[in-house]
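Trainee:
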Amino acid sequence: MINRRKFIHASVFSSLAGAISQRFTNIPKEALVNQPVVVSTWDVGIEANKGAWEVLRNGGRALDAVEQGVMVTESSRSCCVGLQANPDRDGYVTLDACIMDEAFNCGSVAFLERIKHPISVARRVMEKTPHVMLVGSGARQFAIAEGFPLEEEKLYPEAKKAYENWLKKGIYAPVINIENHDTIGMVAMDAKGNLSGSCTTSGMAFKMRGRVGDSPIIGAGLFVDNEVGACTATGQGEDVIRVAGSHTVVEFMRQGMSPETACKKVIERIARIKKDKAKDIQVAFVALNKRGQAGSFALNKGFSYAIRNNSTEKLITAKSLF
Ligand code: SD4
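This is the structure in structure tokens:
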């Protein structure tokens with residue numbers, strides 16, 4: 001039998017817990033609007049959002065939308081994500097991706113070669129293994145066992161040209177800035193108000209063999225907390241990882257900040273760390289809160305993000321620190 005002291009303790013604790021969760025999410029329940037929306041990074045996000053929207057407009061799940069959406073980019077010959085992308089400095093294309101749903105389920109692959117849709121392998125890791133992350137030959141072995149075709153090992157013509165060009169000097173000074181990006185990150189909310197996110201990349205062009213950036217790292221390149229919001233990152237992954245970028249943005253939204261302000265706070269933190277080097281790189285975050293409000297902020301000019309909902313489909317130039 002529960003005694004009076006324990007009862008008082010339990011009831012104080014539960015009302016405190018309610019107050020805390022209300023304060024940290026800071027979003028009144030009645031303000032929640034279950035309108036589907038999808039937001040993704042860079043100009044390629046417009047086409048990717050179309051793929052996601054096919055799922056969302058039919059009442060589908062945000063998780064399916066963010067997978068289908070970025071698969072459009074992974075397949076696109078005109079983009080820099082997926083097997084058509086630039087290789088590492090040894091001439092091999094290596095891919096990273098992750099996905100996260102509304103219940104903290106997540107899956108990730110890194111340093112994956114010769115598989116066309118790393119995002120789907122990441123989802124399979126999430127759904128079919130007790131793990132979150134598989135890398136390298138182990139990730140590929142798992143993909144093949146799951147029936148993903150092993151593609152030919154080759155460089156697509158544009159990537160081959162770019163690589164041969166790079167080899168002429170062969171200077172190892174990788175940097176991700178506005179001319180040089182190769183990722184798509186996507187966050188979405190479905191008609192039930194559930195959030196999910198995905199992120200897929202070929203990483204940094206001509207990177208060191210085995211280098212992995214932020215994109216497949218849950219908390220860095222992507223984070224989803226269905227009570228609060230979702231965030232994805234793009235840009236120089238090393239600098240996103242060191243501040244646990246996407247997770248930190250979500251935590252700022254939990255404190256009540258708008259998506260844009262939350263992204264800005266983390267960008268400012270990166271700028272403080274990078275000091276005078278902050279102007280040489282690009283980092284940007286795109287975030288969506290539980291009310292379906294989207295926002296973004298970049299370190300430097302030149303970043304845009306794409307949004308699609310029932311009333312709009314557009315590319316927005318993000319505000320930036322510099
Ligand atoms: C990485 N964040 O591997 C990725 C690269 C990127 O646009 O976003 N490029 O560091």
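Each residue of the sequence shown is one higher than the one before, starting from 1 at the first, in the numbering used here. For each residue, glycine too, the CB sits at the ideal point set by N, CA and C.
Report the option in Leu95, Ala306, Gly302, Asn289 whose CA atom is closest to the CA atom of Gln255.
Mentor: Of the listed residues, the one whose Cα sits closest to Gln255 is Asn289.
Trainee: Return yes when at least one heavy atom of the ligand SD4 lies under 7 Å from the C-beta of Met204, else no.
Mentor: Under cutoff, so the answer is yes.
Trainee: Within 7 Å: the Cβ of Gln236 and any heavy atom of the ligand SD4?
Mentor: Gln236: yes, Cβ under 7 Å from the ligand SD4.
Trainee: Beta-carbon separation of Met186 and Ser198 under 8 Å?
Mentor: The answer is yes: Cβ separation under 8 Å.
Trainee: Let me know the secondary structure DSSP gives Ile27 once reduced to three states.
Mentor: Bear in mind that a pLDDT of 47 at Ile27, under 50, signals an unreliable position, so the number given afterwards is only what the model happens to contain. The answer is coil: DSSP assigns Ile27 none of H, G, I, E or B.
Trainee: For the putative contact between Asp182 and Val81, defined by C-beta atoms under 8 Å, what is the C-beta separation to the nearest angstrom?
Mentor: Right, their Cβ atoms sit about 6 Å apart.
Trainee: Assuming Ala145 contacts Ala230 under a Cβ cut-off of 8 Å, what Cβ separation, rounded to an integer in Å, is found between them?
Mentor: Not confirmed; about 30 Å, so no contact.
Trainee: What's the call for Glu251, buried or exposed, on a 16-neighbour Cβ count within 10 Å?
Mentor: Result: buried.
Trainee: According to DSSP, which residues form a beta bridge with Val286?
Mentor: BP columns for Val286 point to Thr232, Ser296.
Trainee: Answer yes if the region 234-248 comes into contact with the region 119-133, meaning at least three C-beta pairs across the two stretches below 8 Å, and no otherwise.
Mentor: Verdict: no, contact absent.
Trainee: State yes or no: is the C-beta of Ala52 within less than 8 Å of the C-beta of Gln35?
Mentor: No; because the gap between Cβ atoms is not below 8 Å, this pair is not in contact.
Trainee: Any idea which residues DSSP pairs Lys314 with across the strands?
Mentor: Bridge partners of Lys314: Ile307.
Trainee: Report the rounded CA-to-CA distance for Lys319 versus Ala298, giving the unit in angstroms.
Mentor: Those two C-alpha atoms are separated by around 6 Å.
Trainee: Mind checking who Phe223 pairs with in its DSSP beta bridge?
Mentor: The partner list for Phe223 (beta bridge, DSSP) reads Cys231.
Trainee: Met208: buried (16+ other C-beta within 10 angstroms of its C-beta) or exposed?
Mentor: By the neighbour-count rule (16 or more Cβ atoms within 10 Å), Met208 is not buried but exposed.
Trainee: So, Ile281 versus Asp214, is the Cβ gap smaller than 8 Å?
Mentor: Not in contact: Ile281 and Asp214 (Cβ atoms no closer than 8 Å).
Trainee: Taking the beta strand (DSSP E) that Asp64 falls in, what are its first and last residues?
Mentor: It is not in any beta strand (DSSP E) - Asp64 instead sits in the alpha helix (DSSP H) that spans 62-75.
Trainee: Would you mind working out which of Ala278, Ala306, Lys314 sits nearest Ser40, comparing C-alpha positions?
Mentor: Cα-wise, what sits closest to Ser40 is Ala306.
Trainee: Is it true that the CB of Trp166 sits closer than 8 Å to the CB of Phe206?
Mentor: Taking 8 Å as the Cβ cut-off, Phe206 and Trp166 qualify as a contacting pair.
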